[in-house]
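Novice:
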Amino acid sequence: MTEKNKIDTGFSSDVRKDPRRVVFVTRKTSAKVTGDPGPQVMAYPHLMLREAIAFQVLMIALVAVALLWDAPLEQLANPLLTPNPAKAPWYFLGLQELLHYFPPFVAGIVIPTLVVVALVVIPYFNVNVQGEPLWYANRPRRLRIFLALLTVLTISLAYFDAWTVLVPTVVVGAMALYAYTLKPGATTPLGPLQRRPISWWVMTWFILVAVVLTGVGTFFRGPGWAWVWPWGSHAG
Amino acid sequence: MTESRHESLHEAMERIRGTRVWKSIFRREPARTNRTRSLAIFGNLLFHFLPVKVREKSLRVRVSYYLGSISFLLFIVLTVTGILLMFYYHPAVPQAYRDMKDLRFVVTSGLFLRNLHRIAAHLMVIAVFWHMFHVFYRGGYKPPHEFNWVVGVILLMLTLFLSYTGYLLPWDQLSYWAVTVGSNIIKAMPFFGDKIRFLVLGGNTVGENALLRFYVLHVVVLPLIAGVFIAIHFWRVQKDGGLTVPEEPASVEPSLSGKPDSEK
Numbered sequence: 012m013t014e015k016n017k018i019d020t021g022f023s024s025d026v027r028k029d030p031r032r033v034v035f036v037t038r039k040t041s042a043k044v045t046g047d048p049g050p051q052v053m054a055y056p057h058l059m060l061r062e063a064i065a066f067q068v069l070m071i072a073l074v075a076v077a078l079l080w081d082a083p084l085e086q087l088a089n090p091l092l093t094p095n096p097a098k099a100p101w102y103f104l105g106l107q108e109l110l111h112y113f114p115p116f117v118a119g120i121v122i123p124t125l126v127v128v129a130l131v132v133i134p135y136f137n138v139n140v141q142g143e144p145l146w147y148a149n150r151p152r153r154l155r156i157f158l159a160l161l162t163v164l165t166i167s168l169a170y171f172d173a174w175t176v177l178v179p180t181v182v183v184g185a186m187a188l189y190a191y192t193l194k195p196g197a198t199t200p201l202g203p204l205q206r207r208p209i210s211w212w213v214m215t216w217f218i219l220v221a222v223v224l225t226g227v228g229t230f231f232r233g234p235g236w237a238w239v240w241p242w243g244s245h246a247g
Numbered sequence: 002m003t004e005s006r007h008e009s010l011h012e013a014m015e016r017i018r019g020t021r022v023w024k025s026i027f028r029r030e031p032a033r034t035n036r037t038r039s040l041a042i043f044g045n046l047l048f049h050f051l052p053v054k055v056r057e058k059s060l061r062v063r064v065s066y067y068l069g070s071i072s073f074l075l076f077i078v079l080t081v082t083g084i085l086l087m088f089y090y091h092p093a094v095p096q097a098y099r100d101m102k103d104l105r106f107v108v109t110s111g112l113f114l115r116n117l118h119r120i121a122a123h124l125m126v127i128a129v130f131w132h133m134f135h136v137f138y139r140g141g142y143k144p145p146h147e148f149n150w151v152v153g154v155i156l157l158m159l160t161l162f163l164s165y166t167g168y169l170l171p172w173d174q175l176s177y178w179a180v181t182v183g184s185n186i187i188k189a190m191p192f193f194g195d196k197i198r199f200l201v202l203g204g205n206t207v208g209e210n211a212l213l214r215f216y217v218l219h220v221v222v223l224p225l226i227a228g229v230f231i232a233i234h235f236w237r238v239q240k241d242g243g244l245t246v247p248e249e250p251a252s253v254e255p256s257l258s259g260k261p262d263s264e265k
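Line by line, the protein sequences give chains Y and H.
Just so it is clear: in the first sequence, position 153 is 164 by the numbering used here, and no numbers are missing.
Just so it is clear: in the second sequence, position 83 is 84 by the numbering used here, and no numbers are missing.
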């Protein structure tokens, strides 16, 4: 490329005065490149080929399941005949399980809204972006706050008899307390827990609660939303 | 001509790719050079929002399990099977239920078609959730990917709404009462709960108006919105610099581009 065709860009207003300035990178506006991106390959064919293989594997699995497992079809819808229990689609059974414990306004409106808002704002809080381990600094103070929160949460869940929320909450709380006792650099299988940031703990708690609620709602709830065993015989 | 009889399939494909017709359709030479491989992506309406180059590390299965791709592919499967099902479906009471019976007993492969649509729908809900959790644990929401995470949350909600509106369409006891239970939650909303529920159902109970509204939402409104957001989601992956690949110890796996990972 000759000197004449050289491309200039940047904040300098006088191109003749500052002909070689390409771009300013000031302290606050860092280019978003961190570390070595590593070698790159062409998306065609390397990515496209993998997508095609993923599609074929998926299609084979789908057809196999569709041949073996028939979609259910019950009697014609009858508004006068309410089944017991009437269950929502499986992905809403966690909510239905919550409705069993909490007032409809809390379980049906407040909690889902909070979950969606919490998911949306995750990337906009620096504490989530920096990802400092929960038990990294201010350990005694953080332990006090953590224990206070866990106690309040446990007592309020017990007050509402919300056992299917309480159990996973206590499990995750115990895991976090165990992480507190780990010595730095522990190489046990649970050793990495000590490096987990607070966002990791909150998300893990949320997922565990959601999975337990959905599982219980799907398999362990019978007539009148009473506890049943999936292998036991019950009407409904 | 005697030589051409012995040419392999590969050579035949190469010859077809060199024809004027091929070039007129794909606007490029065969994708043998990096320039024509780039054109294969950004010179194509369907692919132009994908990246031309990808980081080799991001292709590894463990980085993504291809969960985003699988979610998208399930969306495509659902669109195709959904359109085929629409040929046999009337959103009316009680004809909708009779159409289900016809799909099972009369239409050739009708049950298979419905099974495929149903299993793909369940899998898509699972795949989208799993995709989100996987992205979270790999830190994929961190700058500059913040907004694409938000688009992903919107797509999760659209997936749930799509699945929920489709749930009513068979008009059997299962679908009717599942949707009744779900729509009763809206009533708990203060001030506007009953009004919003009336708007969604087209009445005070789940009836033929609700079936029609859910049908229109399920086959037109929500898929179109989802399609737009999927396009934005893919495009932003490219614009934000590709998948997030956390720092890992140097690997000794053979490299696609011929350069070892450790070379820095």
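Quick reminder that beta carbons are idealized off the backbone N, C-alpha and C, glycines included.
#1: Would you be able to state if there are at least three C-beta pairs under 8 Å between the stretch 57-68 of chain H and the stretch 48-59 of chain Y?
#2: What would DSSP say about Arg16 (chain H), mapped onto helix, strand or coil?
#3: Helix or strand or just coil, what does DSSP make of Asp172 (chain Y)?
#4: Quick check on DSSP: helix, strand or coil for Met12 (chain Y)?
#5: Does any C-beta atom of chain H lie closer than 8 Å to the C-beta of Ile122 (chain Y)?
#6: Counting only the same chain and skipping the five closest in sequence on each side, list residues whose C-beta sits under 6 Å from that of Ala173 (chain Y).
#7: Do Leu212 (chain H) and Leu169 (chain H) have their beta-carbon atoms positioned less than 8 Å apart in this structure?
#8: Quick one, which residues of the stretch 189-206 of chain Y are near chain H if we go by CB-CB under 8 Å, in chain order?
#9: Rounded to whole angstroms, what's the CA-CA distance from Trp131 (chain H) to Leu68 (chain H)? Just pull it up for me.
#10: Just how far apart, CA to CA, sit Leu202 (chain H) and Val180 (chain H)?
#11: Since Phe66 (chain Y) meets chain H, which of its residues come closer than 7 Å, beta carbon to beta carbon?
#12: Check whether the stretch 230-238 of chain H and the stretch 141-157 of chain H are in contact - that is, three or more C-beta pairs closer than 8 Å.
#13: For Val78 (chain H), collect the residues of the same chain with a Cβ closer than 6 Å to its Cβ; drop the 5 residues on either side in sequence, then sort them by chain order.
#14: If I'm right that Gln107 (chain Y) touches Val182 (chain H) with Cβ under 8 Å, what's the distance once you round it to whole angstroms?
#15: Look up Trp238 (chain Y) in the DSSP assignment and give the residues it is bridged to.
#16: Is the number of C-beta pairs between the stretch 199-208 of chain Y and the stretch 224-231 of chain Y that are closer than 8 Å three or more?
#17: Taking the CB atoms as reference points, tell me whether Ala82 (chain Y) and Asn116 (chain H) lie closer together than 8 Å.
#18: Are the stretch 207-225 of chain Y and the stretch 129-144 of chain H touching, with three or more C-beta to C-beta distances below 8 Å?
#19: I want to see whether chain H comes within less than 8 Å of Leu125 (chain Y), judged by CB atoms only; does it?
#20: Cutting at 6 Å between CB atoms, please list the residues of its own chain near Pro171 (chain H), excluding the five before and the five after it.
#21: Taking Ala93 (chain H) and Glu209 (chain H) to be in contact with their CB atoms under 8 Å, please state how far apart those CB atoms are, rounded to whole angstroms.
Specialist: Looking at the coordinates:
#1: yes
#2: helix
#3: coil
#4: Residue placement at Met12 (chain Y) is flagged as unreliable, the pLDDT there being 42, under the threshold of 50; the coordinate-derived value follows with that caveat. If DSSP states are grouped into helix, strand and coil, Met12 (chain Y) belongs with coil.
#5: no
#6: Tyr112
#7: yes
#8: none
#9: 7 Å
#10: 10 Å
#11: Leu74
#12: yes
#13: Ala121
#14: 7 Å
#15: Y:Arg232
#16: no
#17: yes
#18: yes
#19: no
#20: Met101
#21: 7 Å
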